[in-house]
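A.B. asks: So that we are looking at the same thing, I have put the structure below in structure tokens.
Protein chains: 2
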Amino acid sequence: MQLPPVVQGNVTSPAGFQGAGIAAGIKKPGILDMALIVSEVPAAAAAVYTTNKVQAAPLQVTKEHIAAGPLKAVVVNAGNANACNGERGLVDARQMTVKTAEVLGIDAQAVAVASTGVIGQPMPMEKILAGIDSLGCALSPDGGEVASRAIMTTDLVPKTGKVEVVIGGKTVTIGGMAKGSGMIHPNMATMLAFYTTDAAIAPELLQKALTRSVQVSYNMISVDGDTSTNDMALILANGCAGAPSIDSEGADYEAFTAALTALSIELAKAIARDGEGATKLIEVRVEGAATEADAKKAAMAVVKSSLFKSAVFGNDANWGRVMCAIGYSGANFDPNKVDVYLGSVQTAKQGMALNFSEAEATEALKQKEVVVTVQLHDGDFSAAAWGCDLTYDYVKINADYRS
Amino acid sequence: MQLPPVVQGNVTSPAGFQGAGIAAGIKKPGILDMALIVSEVPAAAAAVYTTNKVQAAPLQVTKEHIAAGPLKAVVVNAGNANACNGERGLVDARQMTVKTAEVLGIDAQAVAVASTGVIGQPMPMEKILAGIDSLGCALSPDGGEVASRAIMTTDLVPKTGKVEVVIGGKTVTIGGMAKGSGMIHPNMATMLAFYTTDAAIAPELLQKALTRSVQVSYNMISVDGDTSTNDMALILANGCAGAPSIDSEGADYEAFTAALTALSIELAKAIARDGEGATKLIEVRVEGAATEADAKKAAMAVVKSSLFKSAVFGNDANWGRVMCAIGYSGANFDPNKVDVYLGSVQTAKQGMALNFSEAEATEALKQKEVVVTVQLHDGDFSAAAWGCDLTYDYVKINADYRS
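In order, the protein sequences belong to chains E and W. Per full-length UniProt numbering: the first sequence = residues 1 to 403. Per full-length UniProt numbering: the second sequence = residues 1 to 403.
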């Protein structure tokens with residue numbers, strides 16, 4: 001799949017979208033904690049959700065509303081995940097969509113809702129309802145940037161981008177924003193990603209494209225292996241670019257999917273790079289696998305290995321930990337055919353140590369983006385996975401949040 | 001299964017065994033790094049090995065020798081794992097058994113070999129062969145304690161124990177020693193466990209008993225989720241207690257298995273407690289599961305969660321991370337029926353937060369042994385898993401070993 005370049009932009013880059021971000025007081029006063037994305041016209045919608053058996057209330061409400069038809073808005077809050085709140089959580093999530101619908105003068109079923117933050121604590125609904133009022137008046141065609149900051153939790157930087165693709169002679173734009181798997185007081189990682197596009201595309205194809213893009217992006221990153229109750233990726237397609245509608249698979253669908261995939265990978269890498277306490281992005285490329293599943297398993301095992309993540313933090317050319325991780329990954333391969341590279345330095349050949357330059361390998365590990373390549377010599381499939389190093393700060397952030 | 005008490009003792013506690021530990025110079029001069037266990041008479045042998053696809057040479061040689069019949073000796077070295085050394089690794093491992101056989105005047109096929117330490121580096125065979133000579137002369141009926149120290153890597157304390165069980169009116173003893181999953185320069189965790197017993201038991205039943213005991217002990221601990229290329233648990237049964245031979249399943253077999261299981265759990269917990277950088281032992285009990293597999297999956301997911309391990313280090317009563325971990329564990333359960341306890345403090349009921357005392361929960365987390373209980377209210381099966389907290393020192397040990 002040929003991936004187009006991702007450039008600066010956000011969810012209000014495509015035509016026909018407005019965005020807003022405000023401080024509702026869910027987090028500390030003055031800290032942005034609520035965002036709203038609105039499409040001027042009903043938009044085809046698709047979403048993917050966490051596989052965690054414990055799913056937050058907003059996910060259930062959003063699933064129902066997407067099943068009911070097109071969406072016009074997405075309301076998001078940070079600071080409270082509205083998870084493990086039982087029946088009350090569902091009531092509160094529904095009320096967020098009802099209030100947003102009132103403010104925008106639309107049907108509540110046209111509103112999706114997402115939350116991230118503390119779990120097991122009731123939502124501060126007074127602040128949230130007042131926040132939704134403020135969001136309505138704050139909507140702007142340039143609101144995508146502030147919206148991207150309003151969904152941040154322990155993220156250090158907002159994560160946005162856009163990509164363009166020509167459909168039937170017309171340029172359509174996909175904009176996106178994501179928040180990372182930084183853990184938030186007092187609870188767990190949440191990954192949220194929101195996309196907007198002015199392309200016209202059938203909902204089932206939009207769903208298929210989103211699912212495909214997620215499989216090679218968000219599903220291939222790991223900060224600490226934990227999977228949250230609130231993860232969600234959602235896309236709205238409003239057709240405002242005036243390009244012909246993508247109603248069947250083919251060149252246009254493939255081009256759109258490639259563009260969405262490029263943006264998803266860019267945002268996913270931004271999440272990994274911004275993992276809590278991380279000082280480096282680790283990219284693991286597994287090549288020469290017998291199947292794509294083998295390549296993915298092997299790549300994920302390496303980016304998930306606490307041993308290897310610690311070694312990267314310490315600039316320790318510890319290729320043995322790579323061998324070990326692919327060994328227990330469940331991937332099929334022949335240990336005696338494996339080559340391992342740290343950056344451009346080959347450290348192992350046919351499963352055995354090479355007498356490589358420690359200095360060069362250490363240099364490769366000192367980069368902001370550390371690339372590990374594993375060649376299995378076992379087939380034609382490959383996969384990439386992204387993660388970050390394991391540092392003192394990761395432990396500090398997750399152990400000492402109270403202090 | 002009723003488990004008998006584990007008391008002080010080691011691999012030379014059972015009748016008819018001798019042990020030795022010496023400093024062969026594989027590690028720093030004067031540091032114990034080779035051990036030998038010898039049975040006066042041929043002993044039935046059984047072993048379980050790492051599931052890692054990358055398996056160290058000694059494992060392959062030991063498998064062959066156990067398949068060939070009874071064993072009389074086990075030679076072990078620390079400081080070099082003899083993994084990822086290709087054909088040369090196999091030759092070196094075989095030579096270790098040949099040399100040990102020469103020294104003891106026995107058949108090389110009666111010798112098992114195990115290694116732990118650096119991978120991808122050739123074995124220092126001169127030192128090792130000289131070390132085996134020294135081991136022969138150092139053998140003693142009281143050598144079990146020094147042997148247990150000679151297999152340590154980054155372990156802070158030796159791990160030994162013994163348990164007694166009456167078979168046909170005669171008391172038989174099982175002694176054991178293990179080394180933990182401390183990571184060693186520059187490579188990965190290795191778990192080694194060696195048992196001796198003066199019971200008489202058919203090899204196939206010995207294998208079955210060992211496998212059963214490992215499933216609820218070593219297979220239920222996690223220090224950092226990594227699985228080594230060198231893990232091995234091995235048992236020798238020489239019949240010297242003069243008890244009737246256990247040749248079929250039944251009360252005697254069950255009693256023997258319970259005793260071996262009690263010792264295995266004790267040694268496994270000692271390994272978790274001594275995990276690198278660990279300040280606490282975490283015991284996770286999952287009860288009320290629909291199946292044993294569900295209970296095990298849920299328990300392991302919690303002890304493996306970096307988020308929860310960090311929270312325990314920080315005395316953070318972060319029950320939401322427990323909910324999250326069981327949620328992605330793959331276990332089947334109803335999130336709305338889950339109760340969570342930190343120590344004796346119930347923090348969640350039917351999947352929702354309770355208004356518990358933070359002070360009491362924090363106190364429970366400050367203990368040296370933190371017990372987390374998850375009640376699924378979904379069936380009659382339960383499981384326990386053990387791990388340790390994630391600390392700055394874990395990262396330090398695995399990142400900065402060079403400094």
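The beta carbon of each residue, even a glycine, is placed where N, CA and C say it ideally should be.
Quick one, which of E/Thr12, E/Gly288, E/Phe17, E/Gly314 has its alpha-carbon nearest E/Leu376's?
C.D. replies: Residue numbering aside, residue 376 of chain E sits at position 376 when the first sequence is read from its first letter. Comparing Cα positions, the closest option is E/Gly288.
A.B. asks: Considering Cα atoms alone, identify which of E/Val76, E/Asp393, E/Lys269 is closest to E/Gly19.
C.D. replies: One-based indexing of the first sequence puts residue 19 of chain E at position 19. The shortest C-alpha separation from E/Gly19 is found at E/Val76.
A.B. asks: Listed from N- to C-terminal order along the chain, which residues in the segment 194 to 219 of chain W have their beta-carbon within a distance smaller than 9 Å of any beta-carbon of chain E?
C.D. replies: Taking 9 Å as the Cβ-Cβ cut-off against chain E, none of the residues of the segment 194 to 219 of chain W qualify.
A.B. asks: Indicate whether E/Leu32 and E/Ala46 have their beta-carbon atoms separated by less than 9 Å.
C.D. replies: Here residue 32 of chain E is taken as the residue at index 32 of the first sequence, counted from 1. Here residue 46 of chain E is taken as the residue at index 46 of the first sequence, counted from 1. Cβ distance not < 9 Å, so E/Leu32 and E/Ala46 don't count as in contact.
A.B. asks: Less than 9 Å between the C-beta atoms of W/Thr196 and W/Ile174, yes or no?
C.D. replies: Translated into positions along the second sequence, residue 196 of chain W becomes position 196. Translated into positions along the second sequence, residue 174 of chain W becomes position 174. Yes; because the gap between Cβ atoms is below 9 Å, this pair is in contact.
A.B. asks: Going by C-alpha distance, which of E/Val322, E/Ser228, E/Gln207, E/Thr261 is nearest E/Leu236?
C.D. replies: Position 236 of the first sequence holds residue 236 of chain E. Among E/Val322, E/Ser228, E/Gln207, E/Thr261, the Cα nearest to that of E/Leu236 is on E/Gln207.
A.B. asks: Looking at the structure shown, is E/Pro186 part of a helix, part of a strand, or coil, going by DSSP?
C.D. replies: The residue you call residue 186 of chain E lines up with position 186 of the first sequence. Caution applies to E/Pro186, whose pLDDT of 32 falls short of 50 and renders its modelled position unreliable; the value that the coordinates give is listed next. Three-state result, E/Pro186: coil.
A.B. asks: With DSSP collapsed to three states, give me the class of W/Val371.
C.D. replies: Numbered from 1 along the second sequence, position 371 holds the residue referred to as residue 371 of chain W. Strand.
A.B. asks: What residue range is occupied by the uninterrupted alpha helix (DSSP H) comprising W/Gly86?
C.D. replies: Here residue 86 of chain W refers to the residue found at position 86 when the second sequence is read from its first residue. Start and end: 86 to 104.
A.B. asks: Would you list the residues sitting across from E/Ser248 in a DSSP beta bridge?
C.D. replies: By one-based count along the first sequence, residue 248 of chain E stands at place 248. None; E/Ser248 has no bridge partner.
A.B. asks: Quick one: list the residues of chain E neighbouring W/Gln121, beta-carbon separation under 7 Å, in chain order.
C.D. replies: Residue 121 of chain W sits at position 121 when you count from the first residue of the second sequence. The answer, in chain order, is Ala353.
A.B. asks: Between E/Ala81 and E/Thr116, how many whole angstroms is the CB-CB distance? I'm expecting something under 8 Å.
C.D. replies: Taking the first residue of the first sequence as position 1, residue 81 of chain E is located at position 81. Taking the first residue of the first sequence as position 1, residue 116 of chain E is located at position 116. Contact flag correct, Cβ pair sits at about 6 Å.
A.B. asks: Are the C-beta of W/Val76 and some C-beta of chain E separated by less than 9 Å?
C.D. replies: Along the second sequence, one-based indexing puts residue 76 of chain W at 76. No, W/Val76 lies away from the interface with chain E (no Cβ there is under 9 Å from its Cβ).
A.B. asks: Using the Cα positions of E/Leu139 and E/Glu204, report the straight-line distance between them to the nearest angstrom.
C.D. replies: Position 139 of the first sequence, counting from 1, holds the residue named residue 139 of chain E. Position 204 of the first sequence, counting from 1, holds the residue named residue 204 of chain E. Rounded to the nearest angstrom, the two C-alpha atoms are 29 Å apart.
A.B. asks: Considering only the beta carbon of each residue, do W/Val163 and W/Val7 sit closer than 9 Å?
C.D. replies: Along the second sequence, one-based indexing puts residue 163 of chain W at 163. Along the second sequence, one-based indexing puts residue 7 of chain W at 7. Cβ distance < 9 Å, so W/Val163 and W/Val7 count as in contact.
A.B. asks: Which residues, taken in chain order from the segment 312 to 324 of chain E, show a beta carbon closer than 7 Å to some beta carbon of chain W?
C.D. replies: For the segment 312 to 324 of chain E, which is checked against every Cβ of chain W, the residues closer than 7 Å are Phe313, Gly314, Asp316, Asn318, Gly320, Arg321, Met323, Cys324.
A.B. asks: Determine whether the Cβ of W/Asn58 lies closer than 9 Å to any Cβ atom of chain E.
C.D. replies: Sequence index remark: in the second sequence, residue 58 of chain W carries index 58 (1-based). It is worth fixing the name first, because residue 58 of chain W is Pro in this sequence and not Asn. Chain E, which has no Cβ nearer than 9 Å to the Cβ of W/Pro58, makes this no.
A.B. asks: Please check if any C-beta of chain W sits within less than 9 Å of the C-beta of E/Ile326.
C.D. replies: As a working note, residue 326 of chain E is residue 326 in the first sequence. For E/Ile326, the answer is yes, since a Cβ of chain W falls inside 9 Å of its Cβ.
A.B. asks: Excluding the five sequence neighbours on either side, which residues of its own chain have a C-beta within less than 8 Å of the C-beta of W/Leu90, listed in chain order?
C.D. replies: What you label residue 90 of chain W is simply residue 90 of the second sequence in a count that begins at 1. Hits under 8 Å: Ala57, Gln60, Val61.
A.B. asks: Start and end of the alpha helix (DSSP H) containing E/Phe308?
C.D. replies: Mapped onto the first sequence, residue 308 of chain E falls at position 308. Its alpha helix (DSSP H) spans residues 306 to 313.
A.B. asks: If you draw a straight line from the C-alpha of W/Thr391 to the C-alpha of E/Glu363, how long is it?
C.D. replies: Counted from its first residue, the second sequence places residue 391 of chain W at position 391. Counted from its first residue, the first sequence places residue 363 of chain E at position 363. Rounded to the nearest angstrom, the two C-alpha atoms are 27 Å apart.
A.B. asks: Can you find a CB in chain E that lies within less than 9 Å of the CB of W/Leu307?
C.D. replies: Working through the second sequence from its first residue, we reach residue 307 of chain W at position 307. At least one chain E Cβ lies under 9 Å of W/Leu307.
A.B. asks: Any contact of the segment 302 to 322 of chain W with the segment 351 to 368 of chain W, i.e. 3+ C-beta pairs under 8 Å?
C.D. replies: Yes, since at least three Cβ pairs between the segment 302 to 322 of chain W and the segment 351 to 368 of chain W fall closer than 8 Å, the two stretches touch.
A.B. asks: Under a three-way DSSP split, which group does W/Ser140 fall into?
C.D. replies: Position 140 of the second sequence, counting from 1, holds the residue named residue 140 of chain W. Residue state, collapsed to three classes: strand.
A.B. asks: With DSSP run on the structure shown, which of helix, strand or coil describes E/Phe256?
C.D. replies: As a first step, residue 256 of chain E must be located in the first sequence, where it is residue number 256. E/Phe256: helix per DSSP, three-state reduction.
A.B. asks: Considering only residues of the same chain and omitting the five flanking positions on each side of E/Met1, which have a CB-CB separation below 6 Å?
C.D. replies: As a working mapping, residue 1 of chain E is identified with position 1 in the first sequence. So the qualifying residues of the chain are Ala258.
A.B. asks: According to DSSP, which residues form a beta bridge with E/Val76?
C.D. replies: Counting from 1 along the first sequence, the entry for residue 76 of chain E is found at position 76. Beta-bridge pairing links E/Val76 to E/Ala35, E/Ala114.
A.B. asks: Residues of chain W with CB closer than 9 Å to the CB of E/Gly86, please, in chain order.
C.D. replies: To locate residue 86 of chain E, count along the first sequence from 1; it is residue 86. Near E/Gly86 (Cβ distances below 9 Å), the residues of chain W are Asn336, Gln350, Gly351, Met352.
A.B. asks: Taking all protein chains shown into account, decide if W/Ser344 is buried (16 or more other Cβ within 10 angstroms of its Cβ) or exposed.
C.D. replies: Stepping through the second sequence from its first residue, residue 344 of chain W is reached at position 344. Looking at its Cβ environment, which holds fewer than 16 other Cβ atoms inside 10 Å, W/Ser344 is exposed.
A.B. asks: Using a Cβ-Cβ distance cut-off of 9 Å, determine whether E/Lys396 contacts chain W.
C.D. replies: Start at 1 with the first residue of the first sequence, and residue 396 of chain E comes out as number 396. Chain W, which has a Cβ nearer than 9 Å to the Cβ of E/Lys396, makes this yes.
A.B. asks: How many Å lie between W/Val352 and W/Asn219 at the Cα?
C.D. replies: One-based indexing of the second sequence puts residue 352 of chain W at position 352. One-based indexing of the second sequence puts residue 219 of chain W at position 219. One point to set straight first is that residue 352 of chain W is Met, not Val, in the sequence displayed. Near 31 Å, if we compare the C-alpha coordinates of W/Asn219 and W/Met352.
A.B. asks: Residue range of the beta strand (DSSP E) that W/Lys63 falls in?
C.D. replies: Mapped onto the second sequence, residue 63 of chain W falls at position 63. Element bounds for W/Lys63: not the beta strand (DSSP E) but the alpha helix (DSSP H), 57 to 68.
A.B. asks: Near E/Asp142, what residues of its chain come up, given a Cβ to Cβ distance below 7 Å and the 5 sequence neighbours on each side ignored?
C.D. replies: Working through the first sequence from its first residue, we reach residue 142 of chain E at position 142. The answer, listed in chain order, is Thr12.
A.B. asks: Only counting the same chain, and skipping five residues up and downstream in sequence, which positions put a Cβ closer than 7 Å to that of W/Gly242?
C.D. replies: Working through the second sequence from its first residue, we reach residue 242 of chain W at position 242. Only Lys170 meet the Cβ criterion.
A.B. asks: Helix, strand or coil, according to DSSP, for W/Tyr328 in the structure here?
C.D. replies: Locating residue 328 of chain W in the second sequence gives position 328, where the first residue counts as 1. Coil at W/Tyr328, not helix or strand.
A.B. asks: Verify the CB distance criterion: does E/Lys179 have a CB-CB separation below 9 Å to chain W?
C.D. replies: Here residue 179 of chain E refers to the residue found at position 179 of the first sequence. So no, E/Lys179 is outside the interface.
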